[in-house]
Amino acid sequence: MMSKRPLNNKLNNLEPKAWLKFQKSWFVHNPPPRRKDVLRHPAKFPETMAQEFIEFFTQRGGVVLDPMAGTGSALVAALRAGRHSYGVELNGAYAAIAREVVASERQELGDEVDGLAAQVIQGDATAIPQIAQDYALPPVDYVLTSPPYWDMLHAPGAQTQKNRRLSHELDVIYSDDPADLGNVSDYEEFLNRLSALYPALKPYLKPGAYLPLVVKNVKKGGRMYPLAWDLARLLLETYTLKDERIWCQDNQRLAPYGLGSAWVSNTFHHYCLQFRNE
27 MMSKRPLNNK LNNLEPKAWL KFQKSWFVHN PPPRRKDVLR HPAKFPETMA
77 QEFIEFFTQR GGVVLDPMAG TGSALVAALR AGRHSYGVEL NGAYAAIARE
127 VVASERQELG DEVDGLAAQV IQGDATAIPQ IAQDYALPPV DYVLTSPPYW
177 DMLHAPGAQT QKNRRLSHEL DVIYSDDPAD LGNVSDYEEF LNRLSALYPA
227 LKPYLKPGAY LPLVVKNVKK GGRMYPLAWD LARLLLETYT LKDERIWCQD
277 NQRLAPYGLG SAWVSNTFHH YCLQFRNE
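In structure tokens form, the structure reads like this:
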């Protein structure tokens, strides 16, 4: 009996079974409870999900960049996956938390992460050329980022947002900084400023590097704004849109929006748009 031919895997270190599982176009991921030290951030990306993406799109020892690092989820995930990582974060308070979180993760993982870079850089992602020069950023294998969903954190919000407003320790918005894209109220201006960030990354990406954009369409003032689709259209000028995965959450509480008068969905999904540097 002939033995199975070994997989010539040029993309990652996964076995065929794990590879096939990731290829499903939708998935359910309900993040575990957040650690107390990162609760301050109002829209944290889950490390568990970030690790799944990093392990599929890179090989061990690769370089991961998050230009909007928040409290360091992508860097923690990269450490767990055995990858180097760099994160750029505008908010100084979040950058400080990210450094503490990364240091704690390093201590917990011990010798297995010796030699792995996991650097948090406080700065504006729109200034990536200067940051790359100042910090000797190596060629990047993978960019993982979830940008602000326009200025939706300024909206009154559901119960979760209301509860955060009652606390003096939890942020409701990212910051008051005018450079913070989450504070841009005009939709077209937001789109133009955000979409300009990603082409600026291109010189620092390896050929074939993937750049997923985790985003969703948003509702405001009684209408839908196709944020995910608009960003996809604008980024097509620089990158190839290879595919999409839809991240679903099924542990959210339903709210009776428009009950008895109009259709208004409870939006519990995000688009993971997979761009590639070709």
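Per my numbering, the sequence shown runs over residues 27 to 304.
Note that CB positions come from ideal geometry on N, CA and C, so glycine has one too.
Since we're looking at a predicted model, the values are computed, not measured.
Check: Straight-line CA distance for T266 to W52?
Finding: Within the sequence shown, numbered from 1, the residue matching residue 266 stands at position 240. Within the sequence shown, numbered from 1, the residue matching residue 52 stands at position 26. Between the C-alpha atoms of T266 and W52 there is a straight-line separation of about 20 Å.
Next item on the list: State yes or no: is the C-beta of T97 within less than 7 Å of the C-beta of A76?
Entry: Within the sequence shown, the letter at position 71 stands for residue 97. Within the sequence shown, the letter at position 50 stands for residue 76. Result no, Cβ atoms of T97 and A76 do not sit closer than 7 Å.
Next item on the list: Please state if the CB of Y168 and the CB of F83 are separated by a distance shorter than 7 Å.
Entry: Locating residue 83 in the sequence shown gives position 57, counting from the first residue. Locating residue 168 in the sequence shown gives position 142, counting from the first residue. Contact: yes.
Notebook entry, point to check: When the distance is taken between beta carbons, is K242 closer than 7 Å to A254?
Noted result: Residue mapping note: residue 254 aligns to position 228 of the sequence shown, counting from 1. Residue mapping note: residue 242 aligns to position 216 of the sequence shown, counting from 1. Yes; because the gap between Cβ atoms is below 7 Å, this pair is in contact.
Next item on the list: For F216, name the three-state secondary structure that DSSP assigns.
Entry: Counting from one through the sequence shown, the residue named residue 216 turns up at place 190. In the structure shown, F216 sits in a helix (DSSP, three-state: H, G or I).
Notebook entry, point to check: How long is the line joining the alpha carbons of E131 and G87, rounded to whole angstroms?
Noted result: Taking the first residue of the sequence shown as position 1, residue 131 is located at position 105. Taking the first residue of the sequence shown as position 1, residue 87 is located at position 61. Roughly 17 Å between the two C-alpha positions.
Next item on the list: Taking V89 as part of the beta strand (DSSP E), name the residues at either end of that continuous run.
Entry: In the sequence shown, residue 89 corresponds to position 63, counting from 1. Where V89 is concerned, the enclosing beta strand (DSSP E) starts and stops at 89 to 92.
Checklist line | Nearest to N117 (by Cα), restricted to the options Y175, G141, Y236, P204 | finding: Along the sequence shown, read from residue 1 onward, the residue named residue 117 stands at position 91. Among Y175, G141, Y236, P204, the Cα nearest to that of N117 belongs to P204.
Next item on the list: Give me the Cα-Cα distance between A158 and N39, rounded to the nearest whole angstrom.
Entry: Walking along the sequence shown from the start, residue 158 turns up at place 132. Walking along the sequence shown from the start, residue 39 turns up at place 13. Distance between the alpha carbons of A158 and N39: 28 Å.
Margin query: Let's see if you can read the secondary structure: which residues bound the alpha helix (DSSP H) around L135?
Written below: Position 109 of the sequence shown, counting from 1, holds the residue named residue 135. Where L135 is concerned, the enclosing alpha helix (DSSP H) starts and stops at 118 to 135.
Notebook entry, point to check: Three or more C-beta pairs closer than 8 Å, one from the region 261 to 280 and one from the region 219 to 230: is that the case here?
Noted result: As far as the Cβ criterion goes, the region 261 to 280 touches the region 219 to 230, which means the pair count is three or higher.
Check: S211 by DSSP, collapsed to three states: which one?
Finding: The residue you call residue 211 lines up with position 185 of the sequence shown. Assigned with DSSP and collapsed to three states, S211 falls in coil, not helix or strand.
Checklist line | Selection from E115, L299, A143, P282 that minimises the alpha carbon distance to S291 | finding: Indexing the sequence shown from 1 puts residue 291 at position 265. Ranking E115, L299, A143, P282 by CA distance to the CA of S291 puts P282 first.
Check: Which residues in the same chain have their Cβ closer than 7 Å to the Cβ of L285, if we skip the five residues on either side of it in sequence?
Finding: Taking the first residue of the sequence shown as position 1, residue 285 is located at position 259. Cβ neighbours of L285 beyond the five flanking positions: none.
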